[in-house]
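Engineer:
2 protein chains.
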Amino acid sequence: MAPARDTGTLGKAIAVLDIIATASEPLRFTDVLRLADQPRGTLHRQIANLIEEGLITVNRDQSYGLGLRLLQFASRTWASNAFRAIAEPHIRTLHEATGETVHLGVLHGTDVVYLDKIESRQNIRLVSQIGNTAPAWCTGVGKAALSALADPDLRALIAEIRFTRFTPHTITDARTLLSEIAAIRREGNAYDREEHELGICCVAAPVRSADGQLIAGVSVTAPAYRITPEFFSSWAAITRAAAAAIMRDMAIQLSPRRSA
Amino acid sequence: MAPARDTGTLGKAIAVLDIIATASEPLRFTDVLRLADQPRGTLHRQIANLIEEGLITVNRDQSYGLGLRLLQFASRTWASNAFRAIAEPHIRTLHEATGETVHLGVLHGTDVVYLDKIESRQNIRLVSQIGNTAPAWCTGVGKAALSALADPDLRALIAEIRFTRFTPHTITDARTLLSEIAAIRREGNAYDREEHELGICCVAAPVRSADGQLIAGVSVTAPAYRITPEFFSSWAAITRAAAAAIMRDMAIQLSPRRSA
DNA sequence: AGAAAGGTTCCACTATTCGGAACAACGTTT
DNA sequence: AAACGTTGTTCCGAATAGTGGAACCTTTCT
Chain A
95 MAPARDTGTL GKAIAVLDII ATASEPLRFT DVLRLADQPR GTLHRQIANL
145 IEEGLITVNR DQSYGLGLRL LQFASRTWAS NAFRAIAEPH IRTLHEATGE
195 TVHLGVLHGT DVVYLDKIES RQNIRLVSQI GNTAPAWCTG VGKAALSALA
245 DPDLRALIAE IRFTRFTPHT ITDARTLLSE IAAIRREGNA YDREEHELGI
295 CCVAAPVRSA DGQLIAGVSV TAPAYRITPE FFSSWAAITR AAAAAIMRDM
345 AIQLSPRRSA
Chain B
95 MAPARDTGTL GKAIAVLDII ATASEPLRFT DVLRLADQPR GTLHRQIANL
145 IEEGLITVNR DQSYGLGLRL LQFASRTWAS NAFRAIAEPH IRTLHEATGE
195 TVHLGVLHGT DVVYLDKIES RQNIRLVSQI GNTAPAWCTG VGKAALSALA
245 DPDLRALIAE IRFTRFTPHT ITDARTLLSE IAAIRREGNA YDREEHELGI
295 CCVAAPVRSA DGQLIAGVSV TAPAYRITPE FFSSWAAITR AAAAAIMRDM
345 AIQLSPRRSA
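Here it is in structure tokens:
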């Protein structure tokens, strides 16, 4: 999920929460015990605290799940996020111009967290993706974001990446990634050519705040079969335009207060 | 937001997070200091820890915002919630049958947390509502849920409510609420007649798990002007049917493992 | 019934947090 | 320009809250 050395009481608690959150299936006490590197008594109390705070819940079979409290917090996170609010009209425009799914994601460590998404058709379930995390090096938004980093930061970040292959097209080494990022910087667009998921391609463009605090990207995604070279290159331009518009609005609106 | 006595280190940290989350506008250090009842040094460290864990972020003007980490956790909360998954096909059916906005919410203290929502038209922004919290006593889902509580629990909960008026129709005392709940139990449906927001009405039905662990509700919402008595009563029936279907599926699917 | 695994409670020890106070960095006033 | 008030950050002894080993229940298997 994310780094954060589990230092301090809070850190340890969050580490446990993270274990439960990232598990692919419900964990029981002993399962967590195996994954967390802690004595039984200690872990038991930590979990009890988390339950007390509503961050996790116990299912009837004694397995743990994530608590509603997290949803409440996230709802406010999303609603109060200034960057998302600024970007929203622009990604909507982008969606209307292309008719395809568009994403807004920000860089968070070596991952990208999706802040917003407008789906091509289905008027439902898009929720499922907001807050989702995906590796930066094999997504359009992620690579676009990486290209917006200053070189030292970029190299430091890439050094942290543990490359995993998702499809035959996934980039799996730092050199290739670096040269691709060089290309992105030249052209102004990043592409995902079925690198994260087979059959899915996208065009993206980088977004960054003036002070470099916020590194993000916008993208247009579509199934590979539907993409023609003409569309792809026209999308490239309007994606860059959307990114530019977002940056412009940020410069205007974020000068006095707030940020992402 | 929610109860949770801020006991223990974790509790205090979450209390601070809560302050930042519930604030209507970005808080700076001193603002938080005023709201939290803690010495400066202590608060400072707590905030530093929260930042370290990615739960809050500092904006450039030194005000605090909620961190992306919360979105990540919530995304997983939502995706892994078994109750939501079970209810989903049924609320979708309900949406298709009525063409109106439908909600799925669970009772959490004296509030209702919305777990899912399908909007009538707009294929966007529904996100904003998931994880949202609303008072139980003046929403359809909330009153439906209350009606599913055992009497002692109900009375205990109502005793905790601090009634606030949102519209001229809002119920503002326990007696009225109790008699309305009696009616809901007789009829099987709860109604919100512009009690939370003017111009908005809804029909709801209670959902509870066999063991009473999970108290929830489903509802159909529509603008008051669009509602005719005929529609309203036909919706009442199919809303009850949806609730019944959800309960049936819960009984089946939750017997061996998991829950909400 | 017996054994093992899973889960919970206890309590002396100690590492962490607490919180007052001193310090630094601005901005504002006299 | 010197003094002051605000806001945010750092320190450190004292005390509290978390730690973790071990004993203790409870459930599940053999």
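Respectively, the protein sequence lines represent chains A and B.
According to the numbering used here, the first sequence is numbered sequentially starting from 95.
According to the numbering used here, the second sequence is numbered sequentially starting from 95.
Positions of the beta carbon are idealized from the N, C-alpha and C atoms, including for glycine.
Predicted model, so just to flag it, every value in this text is computed and none were measured.
#1: Touching or not, the region 102 to 114 of chain B and the region 139 to 153 of chain B, by the rule of three or more beta carbon pairs under 8 angstroms?
#2: Against chain B, does H197(A) count as a neighbour if the rule is that its beta carbon must be under 7 angstroms from one of theirs?
#3: Using 8 angstroms for Cβ pairs, my map puts H184(B) next to I340(B). What's the rounded Cβ distance?
#4: Between N175(B) and G236(B), what straight-line distance do the alpha-carbon atoms span, to the nearest angstrom?
#5: What are the boundary residues of the alpha helix (DSSP H) that includes G199(A)?
#6: Between the C-alpha atoms of E213(A) and T315(A), what's the straight-line distance to the nearest angstrom?
#7: Would you give the residue range spanned by the alpha helix (DSSP H) that G234(A) belongs to?
#8: Does the CB of V207(A) have a neighbour CB from chain B at under 7 angstroms?
#9: Can you list, in chain order, the residues of its chain with a C-beta nearer than 7 angstroms to that of I278(A)? Leave out the 5 residues immediately preceding and following it.
#10: What three-state label does DSSP hand A109(B) in the structure shown?
#11: For chain B, check one thing: does any of its Cβ atoms lie closer than 7 angstroms to the Cβ of I150(A)?
#12: Using a Cβ-Cβ cutoff of 9 angstroms, what residues of the region 157 to 188 of chain B are near chain A? List them in chain order.
#13: Under the three-state reduction of DSSP, which class applies to G159(B): helix, strand or coil?
#14: My parser needs the beta strand (DSSP E) runs of 3 or more residues fully inside the region 111 to 183 of chain B; what are they?
#15: Spatial neighbours of I114(A) within its chain, please: C-beta separation below 7 angstroms, excluding the five flanking residues on both sides.
#16: Measure from the C-beta of H290(B) to each C-beta in chain A and report whether the shortest distance is under 7 angstroms.
#17: Round the Cβ separation of T204(A) and A230(A) to the nearest angstrom and send it over; I've been treating them as touching at under 8 angstroms.
#18: Between G102(A) and chain B, is there a C-beta pair that is closer than 7 angstroms?
#19: Which residues in chain A sit within 7 angstroms of A115(B), going by Cβ to Cβ distance?
#20: Mind listing which residues of the region 290 to 312 of chain B have their C-beta closer than 9 angstroms to chain A's C-betas, in chain order?
#21: Relative to the alpha-carbon of D343(B), which residue among P323(B), A304(B), E147(B), S313(B) has its alpha-carbon at the smallest distance?
Structural biologist: Taking the definition as stated:
#1: These segments touch.
#2: For H197(A), the answer is no, since every Cβ of chain B falls outside 7 angstroms of its Cβ.
#3: About 5 angstroms separates the Cβ atoms of H184(B) and I340(B), confirming a contact at the 8 angstroms cut-off.
#4: CA-to-CA, the gap between N175(B) and G236(B) works out to about 20 angstroms.
#5: Residue range 195 to 202 is occupied by the beta strand (DSSP E) that includes G199(A), with no alpha helix (DSSP H) assigned at that position.
#6: Pairing E213(A) with T315(A), the inter-Cα distance amounts to about 9 angstroms.
#7: 234 to 241 is the extent of the alpha helix (DSSP H) around G234(A).
#8: Yes - at least one Cβ of chain B is within 7 angstroms of the one on V207(A).
#9: Within its own chain, the residues whose Cβ lies closer than 7 angstroms to the Cβ of I278(A), once the five positions on either side in sequence are excluded, are K237, A238, S241, A284, listed in chain order.
#10: In the structure shown, A109(B) sits in a helix (DSSP, three-state: H, G or I).
#11: False, the Cβ-Cβ gap to chain B never drops below 7 angstroms.
#12: Near chain A, meaning a CB-to-CB distance below 9 angstroms, the residues of the region 157 to 188 of chain B are S157, G159, L160, G161, L162, R163, L164, L165, Q166, F167, A168, S169, R170, T171, W172, A173, S174, N175, A176, E182, R186.
#13: In this structure, DSSP gives G159(B) an extended state, which the three-state scheme calls strand.
#14: With a minimum length of 3 residues, the continuous beta strand (DSSP E) runs that stay inside the region 111 to 183 of chain B are 150 to 152, 158 to 160.
#15: For I114(A), where only same-chain residues beyond five positions count, the Cβ hits under 7 angstroms are L121, V126, I150, Y158, L160.
#16: No, H290(B) does not count as interfacial toward chain A.
#17: Yes, T204(A) and A230(A) are in contact; Cβ-Cβ is about 5 angstroms, under 8 angstroms.
#18: So yes, G102(A) belongs to the interface.
#19: Using a Cβ-Cβ cut-off of 7 angstroms, A115(B) is close to F167, R170 of chain A, given in chain order.
#20: Those would be S303, D305, Q307, in chain order.
#21: With distances taken between Cα atoms, D343(B) lies closest to A304(B).
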